[in-house]
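As structure tokens, the structure follows; a few thoughts come after it.
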Amino acid sequence: MGVTTVTDVRPASVSVDGGVLQSLFRSEQGGHEQVVLCQDRGSGLKAVIAIHSTALGPALGGTRFHAYASEEEAVQDALNLSRGMSYKNALAGLDHGGGKAVIIGDPDVIKTEELLLAYGRFVASLGGRYVTACDVGTYVADMDVVARTNKWTTGRSPENGGAGDSSVLTAYGVFQGMRASAQHQWGDPTLRGRKVGIAGVGKVGHHLVEHLLQDGAEVVITDVRAESVERVLTRHPRVTAVADTGALIRTEGLDVYAPCALGGALDDDTVPVLTAKVVCGAANNQLAHPGVEKDLSDRGILYAPDYVVNAGGVIQVADELHGFDFDRCKAKAAKIFDTTLAIFTRAKADGIPPAAAADRLAEARMAEAREAKGAGQA
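Residue numbering for the sequence shown follows this note's numbering, beginning at 7 and increasing consecutively.
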């Protein structure tokens with residue numbers, strides 16, 4: 007088992023030209039406290055653990071298992087995702103900083119018990135600075151395995167002392183953010199009669215479909231996995247499906263677009279052709295690069311910052327550390343409605359896009375925590 011720690015690095019816009027270390031040290035935005043490159047030859051594990059901030063408390067964020075095109079791409083994803091977790095946890099009111107891990111490889115091919123146990127040992131080696139959970143490609147059963155070698159694991163099954171699937175509250179929180187978006191955009195906190203397009207109906211997206219149908223929305227879906235689409239259509243004949251995301255974002259009469267798959271959904275190609283007037287979805291890091299939020303604003307499209315509205319899951323896994331109570335968590339997730347509205351109000355008052363307003367609010371909370379720590383150590 008080998009581990010390499012890289013400290014004081016900067017996350018965004020990672021270059022893929024000069025290797026991982028050059029990419030880390032030459033990036034221009036933000037500052038990570040620690041990045042750990044992990045390898046276990048016996049199990050085939052290759053992973054990156056990125057701790058962006060512990061200003062508010064131990065870093066908390068999920069483990070993504072994905073077949074990245076390169077190690078550099080995996081590092082970039084870990085850096086971006088962990089930074090997003092700092093902001094998400096701050097605005098969710100949690101006493102946690104931001105961290106994220108990625109395991110490199112196709113989980114359908116290389117995921118084994120031995121690999122997950124090795125990964126757990128790496129997380130444990132950080133001594134509680136990073137608390138892990140599920141993300142794309144990892145599930146409750148996986149966290150049960152990881153927890154056997156690492157006590158700083160959440161998202162476990164109820165049978166193993168955990169809270170179970172966090173996608174339920176993630177979807178609930180996104181729905182609350184969507185209600186707040188409707189309130190701001192159309193003056194009514196409901197999606198009744200609105201057409202909502204969901205890209206990705208996997209762990210979170212299919213729960214979001216349920217909330218929207220109950221609220222009286224018309225739902226259009228797409229997913230790269232045909233079985234995911236079929237599951238929704240079989241259960242809900244009123245839902246319609248389109249071939250791909252390109253068709254979805256061009257759907258006539260679309261009111262809300264909900265990206266619920268991987269990041270980068272909003273870019274220079276999608277924004278100009280997007281028919282929806284609101285974007286609110288569960289995917290992390292939806293803005294492909296800085297400036298996209300202004301492009302959305304210039305087109306009159308209201309963007310609900312992803313790390314604000316998709317915080318229901320992290321609220322749940324954070325609560326698991328203190329003895330999980332579903333009703334308590336749901337009440338906290340319901341406050342995403344108020345937080346989202348407050349961000350829209352701040353954005354309008356400051357004349358900035360909602361993403362910038364959310365960043366300012368999160369950065370202010372983290373700065374206050376760092377100042378308080380500094381004063382306590384003085």
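The beta-carbon is built from N, C-alpha and C at its ideal position, and this holds for glycine as well.
DSSP-derived helix/strand/coil call for residue i
i: residue 296; result: coil
i: residue 145; result: coil
i: residue 44; result: strand
i: residue 190; result: helix
i: residue 201; result: strand
i: residue 106; result: strand
i: residue 245; result: coil
i: residue 328; result: coil
i: residue 139; result: coil
i: residue 258; result: coil
i: residue 75; result: coil
i: residue 226; result: strand
i: residue 65; result: strand
i: residue 272; result: strand
i: residue 308; result: strand
i: residue 159; result: strand
i: residue 35; result: Below a pLDDT of 50, predicted positions are generally treated as unreliable, and residue 35, at 49, falls in that range; the measurement from the model is reported next regardless. The answer is coil: DSSP assigns residue 35 none of H, G, I, E or B.
Same chain, Cβ closer than 7 Å to residue i, five either side skipped, listed in chain order
i: residue 368; result: 93, 96 and 97
i: residue 279; result: 255 and 256
i: residue 271; result: 205, 265, 289 and 292
i: residue 155; result: 123, 126, 127 and 130
Residue of the options minimising C-alpha distance to residue i
i: residue 340; options: 317, 325 and 351; result: 317
i: residue 290; options: 315, 239 and 258; result: 315
i: residue 197; options: 212, 238 and 223; result: 223
i: residue 47; options: 82, 40, 123 and 348; result: 123
i: residue 51; options: 73, 320 and 38; result: 73
i: residue 387; options: 311, 331, 272 and 364; result: In the structure as shown, the chain starts at 7 and stops at 384, and residue 387 therefore has no counterpart that could be examined.
i: residue 229; options: 303, 173, 247 and 347; result: 247
i: residue 136; options: 56, 296 and 285; result: 56
i: residue 370; options: 169, 61 and 284; result: 61
i: residue 213; options: 195, 234, 194 and 193; result: 234
i: residue 105; options: 139, 114 and 117; result: 139
Span of the beta strand (DSSP E) around residue i
i: residue 51; result: 51-59
i: residue 281; result: Where residue 281 is concerned, there is no enclosing beta strand (DSSP E), given that its DSSP letter is neither H nor E.
i: residue 71; result: 69-72
Whole-Å CB distance - residue i paired with residue j, under 8 Å assumed
i: residue 54; j: residue 43; result: 6 Å
i: residue 245; j: residue 215; result: 6 Å
Cutoff 6 Å; reference residue i; Cβ partners in own chain excluding five residues on either side
i: residue 144; result: 69 and 71
i: residue 178; result: 318 and 339
i: residue 22; result: Summary for residue 22: the model assigns pLDDT 40, below 50, so the residue's position carries little reliability; its value from the coordinates is reported in the next sentence. So the qualifying residues of the chain are 78.
Boundaries of the alpha helix (DSSP H) in which residue i is found, first to last residue
i: residue 263; result: Counting along the chain, residue 263 falls outside any alpha helix (DSSP H), though it belongs to the beta strand (DSSP E) covering 262-265.
i: residue 119; result: 119-130
i: residue 352; result: 342-356
Cut-off 8 Å between Cβ atoms - residues of its own chain near residue i, not counting five sequence neighbours on either side
i: residue 259; result: 201 and 281
i: residue 299; result: 293, 309, 359, 360, 361 and 362
Heavy atom of the ligand FAD within 8 Å of residue i beta-carbon
i: residue 342; result: Of the ligands one can find in the structure shown there are none, so the ligand FAD has no counterpart to examine.
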